[in-house]
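**Student:** The structure that follows is given in the form of structure tokens.
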Amino acid sequence: MYSHFSEIMVEILNGPMLKNQPYLDPGSGSFILQILLAGLVGIGFAFRSYWGKLLGFFRKDSGEEASEEDSSADEE
Amino acid sequence: MKNNPKLPASFRDPSGFLFFEKKKLYRQVNQLYQENYDRLMKSGLYDHLVKSDKLIPHTEVRLAPPEPDKAYKVIQPEELGFISYPYEWSFSQLKDAALLTLEIQKRALKHGMSLKDSSAFNIQFRLEDARPVLIDTLSFEVYQEGSPWVAYRQYCQHFLAPLTLMAYNDVRLSQLLRVYIDGIPLDLASGLLPRRTRFNFGLLSHIHVHATAQKRYAAEDVRKVAQTRTMSKTSLLGLIDSLERTTEKLELDFSGTEWGEYYQDTNYTRKAVEHKKELVANYIDQANPKVVWDLGGNVGTFSRLASEKGIPTICFDVDTDAVEKTYREIKANKETNLLPLALDLTNPSPDIGWGNRERRSLLRRSTPDLIMALALVHHLSISNNVPLEMVAEYFSSLSPWLILEFIPKSDSQVQRLLATREDIFPNYTFAGMEEAFGRYYEIVAQEDIRESERRVYLMKRE
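Chains as they are written, first to last, in the numbering used here: chain U, 1 to 76; chain W, 1001 to 1462.
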């Protein structure tokens, strides 16, 4: 009874990854790499988005608006 | 033997499969996929992608599904003019397919969805405008906040690795995609790439470190990691952004100017080119085809005689630089009805994959009404020793109509080919060619090209 309970808890805790039962093998290495990169790429991306939005704010007077789609792209 | 209408390539995804009924293509959507399908249709994602020409549209139909116990719905996707495979694409075609995949993923996340695979075979190029489009409607799943991207590995193998190899090593390495049907293994790519790729953060992470991580964690049970570490949506967007910028920066070492000079270098005067164009255009009208294949079409100079008449035309060439140049021109000038693809006629794409039936050889996919073989046959018969009769037989199996330009031995181009070898081609003459082709075709018309040694023929299969 208790072992069933802990098995269920493991399944619940695994929630985000197993709910959609991916038919593709994402690969353990690929999975772990993403977790490792997450912090790095997340910070970089957030920085670029806010920087882009900031620039967009200043460009509004010249008639250009930073569109929602471009917020993730480099303002080059 | 049961007549299985399911497409041989459509078996890996339990969400559904493609099948034919009365020669029309349908897709069974399984109950397993119901939540995802409904979300796709109701969230606005489907509408946005179809409106922006990024996803193939479909209609829901009342049709008896082949597997009714599993079925949720049957849909009918819009059919494409031609199916091509990633190993037939030029660098920019593969790159555009890659960037489209990432764009779609970003858009999906805005609607609470995510791509569950990112195979290059999910992208096709439309004949209408040579633009890439996603054809796998069932590729989307509801996004679970916290999950990493399940298709990350596939993106790196199908797109990033081959593009990087083409950019840094040799453009011909796209052919590795023929051998590695699920994309190029990252350890192979990592080993082949030059050291300077390690100084690029994106390539370092997504190829080199990724390859190491794959090896290092191959036997690992990641569920323990999944319990404690998750990936926020911002991080996921950051990952996609990183892949996008890394992919976007990849450029081919390509001048593209050599092919522009092609007609200056060879044996055509201005009058000759004009006359050849007149003749070919006239013969196209006589054949009145629905689809044209220009074999050895180079940069599409003569393919355009058909495509500009509104006839869907595929320009095949063995030289990927020519395919690349044609593709860039089509994009820049927003041309229609022309699609360039890479093809080595002496070794065309074979049947590959499971049971050698998953990805079909060129002939099995579709065939045209008219093929053009202009300034081509000498490459096959002389350079490649294929007897004229075999060329005729092969062409006749492809299409009922043929426009052929024959270049005799007296022409300096052919003399150049024969310069370093023994002339073992006694039948390579006008008469010899007419006799060989006459076994499969009727010669409907022929005319010499003004100011040249060459002759153009219009032939109809008997």
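Glycine is no exception: its CB is placed at the ideal position from the N, C-alpha and C atoms.
1. Does U/L54 get closer than 8 Å to chain W when you measure Cβ to Cβ?
2. Return the bridge partner residues of W/W1293 from the DSSP annotation.
3. Which residue wins for smallest C-alpha separation from W/V1444, given the options W/E1462, W/T1301, W/S1397, W/H1111?
4. Report yes if the CB atom of W/L1160 is closer than 8 Å to the CB atom of U/V41, and no otherwise.
5. Mind listing which residues of the segment 36-50 of chain U have their C-beta closer than 9 Å to chain W's C-betas, in chain order?
6. According to DSSP, simplified to helix, strand and coil, what is W/Y1268?
7. So if DSSP puts W/E1442 in a beta bridge, which residue, or which two residues, is it bridged to?
8. Applying a beta-carbon distance threshold of less than 9 Å, which residues of chain U neighbour W/Y1152?
9. Where W/W1401 and W/Y1440 are concerned, what is the direct C-alpha to C-alpha distance, given to the nearest angstrom?
10. Strictly under 8 Å for the Cβ-Cβ distance: is W/Q1214 near chain U by that measure?
11. May I have the straight-line CA-CA distance separating W/K1249 from W/S1242, to the nearest angstrom?
12. Would you identify the three-state DSSP class for W/E1405, choosing helix, strand or coil?
13. Within 8 Å, do at least three Cβ pairs link the segment 1447-1459 of chain W to the segment 1402-1412 of chain W?
14. Do W/L1177 and W/Y1283 have their beta-carbon atoms positioned less than 8 Å apart in this structure?
15. What's the C-alpha gap between W/F1437 and W/L1374?
16. Buried or exposed: which applies to W/E1261, given that a residue is buried once 16 or more other Cβ atoms fall within 10 Å of its Cβ?
17. Please classify W/A1167 as buried or exposed, where buried requires at least 16 neighbouring CB atoms within 10 angstroms.
18. Output needed for W/S1092: all residues of its chain with C-beta closer than 7 Å, excluding positions within five of it in sequence on either side, in chain order.
19. Please specify which runs of the beta strand (DSSP E), each continuous and at least 3 residues long, are wholly inside the segment 1139-1209 of chain W, giving them in chain order.
20. Per DSSP, what kind of secondary structure is W/A1211 in: helix, strand or coil?
21. Would you be able to state if there are at least three C-beta pairs under 8 Å between the segment 1138-1155 of chain W and the segment 1101-1115 of chain W?
22. May I ask you to check if the CB of W/R1062 is nearer than 7 Å to at least one heavy atom of the ligand ATP?
23. Quick check on W/V1222 - is its C-beta less than 8 Å from some C-beta in chain U?
24. Please determine, among W/R1223, W/E1308, W/T1429, the residue with the shortest C-alpha to C-alpha distance to W/L1127.
25. Taking DSSP's pairing of strands, which residues face W/I1075 in a bridge?
26. Suppose you measure from the CA of W/K1334 to the CA of W/D1129; what does that come to, to the nearest Å?
27. How about the segment 1291-1302 of chain W and the segment 1410-1419 of chain W: do they share at least three Cβ pairs that are nearer than 8 Å?
28. Is W/A1272 near W/E1422, with beta carbons less than 8 Å apart?
29. Of all the CB atoms in chain B, is at least one closer than 8 Å to the CB of W/W1149?
30. Quick one: what does DSSP say W/G943 is sitting in, helix, strand or coil?
31. For a quick check, are the C-beta atoms of W/F1425 and W/S1381 less than 8 Å apart?
32. Mark W/Q1264 as exposed unless 16 or more other C-beta atoms lie within 10 angstroms of its C-beta, in which case mark it buried.
33. Output yes if chain U places a C-beta closer than 8 Å to the C-beta of W/L1239; else output no.
34. Would you tell me roughly how many angstroms separate the C-alpha atoms of W/D1448 and W/F1011, rounded to the nearest one?
35. Once DSSP output is grouped into helix, strand and coil, what is the label at W/K1022?
36. Taking DSSP as the reference, what is the three-state secondary structure of W/D1241?
**Tutor:** Reading from the atomic positions:
1. So no, U/L54 is outside the interface.
2. The partner list for W/W1293 (beta bridge, DSSP) reads W/I1314, W/I1371.
3. The candidate whose alpha carbon is nearest that of W/V1444 is W/E1462.
4. No, these two residues do not count as a Cβ contact at 8 Å.
5. So the close ones are L36, L37, A38, G39, L40, V41, G42, I43, G44, F45, A46, R48, S49.
6. Note: W/Y1268 maps to coil in three-state DSSP.
7. The secondary-structure analysis by DSSP pairs W/E1442 across a beta bridge with W/K1460.
8. Taking a Cβ-Cβ cut-off of 9 Å, the neighbours of W/Y1152 in chain U comprise P26, G27, S30, F31, L33, Q34, given in sequence order.
9. Rounded to whole angstroms, the separation of the alpha carbons of W/Y1440 and W/W1401 is 11 Å.
10. Yes - at least one Cβ of chain U is within 8 Å of the one on W/Q1214.
11. Rounded to the nearest whole angstrom, the C-alpha separation of W/K1249 and W/S1242 is 11 Å.
12. Note: W/E1405 maps to strand in three-state DSSP.
13. A contact is defined here as three or more CB-CB pairs under 8 Å, and the segment 1402-1412 of chain W meets this definition with respect to the segment 1447-1459 of chain W.
14. No, they are not a contact pair.
15. Distance between the alpha carbons of W/F1437 and W/L1374: 15 Å.
16. Confidence at W/E1261 is low in this model, with a pLDDT of 47, below 50, so the placement of that residue should be treated as unreliable; the coordinate-derived value is given next. Exposed.
17. A residue is called buried once 16 or more other Cβ atoms fall within 10 Å of its Cβ, and W/A1167 is buried on that count.
18. Within its own chain, the residues whose Cβ lies closer than 7 Å to the Cβ of W/S1092, once the five positions on either side in sequence are excluded, are E1324, Y1327, R1328, listed in chain order.
19. Runs of the beta strand (DSSP E) lying entirely within the segment 1139-1209 of chain W, each at least 3 residues long, are 1140-1142 in chain order.
20. In the three-state scheme derived from DSSP, where H, G and I count as helix and E and B as strand, W/A1211 is classed as helix.
21. Because the criterion of three Cβ pairs below 8 Å is met, the segment 1101-1115 of chain W and the segment 1138-1155 of chain W touch.
22. Questions concerning the ligand ATP fall outside what the structure shown contains, since it holds no ligand whatsoever.
23. Residue-level contact by beta carbon holds for W/V1222 and chain U, with a gap shorter than 8 Å.
24. Comparing Cα positions, the closest option is W/E1308.
25. Paired residue(s): W/R1027, W/E1060.
26. W/K1334 and W/D1129: Cα-Cα distance of roughly 7 Å.
27. Put simply, the segment 1291-1302 of chain W does not touch the segment 1410-1419 of chain W. Fewer than three CB pairs are less than 8 Å apart.
28. In terms of Cβ geometry, W/A1272 and W/E1422 do not form a close pair [threshold 8 Å].
29. Among the chains of the structure shown, chain B does not appear; the protein chains present are U and W.
30. Coverage of chain W is limited to positions 1001 through 1462, which leaves residue 943 of chain W absent and any answer about it impossible.
31. Yes, these two residues count as a Cβ contact at 8 Å.
32. Low confidence applies here, because W/Q1264 scores a pLDDT of 46, under 50, leaving its location unreliable and the question unanswered by this model.
33. Yes, W/L1239 lies at the interface with chain U (some Cβ there is under 8 Å from its Cβ).
34. Looking at the backbone, the Cα of W/D1448 and that of W/F1011 are separated by about 53 Å.
35. W/K1022 sits in coil when the DSSP states are folded into three classes, being neither helix nor strand.
36. Under the three-state reduction of DSSP, W/D1241 is assigned to helix.
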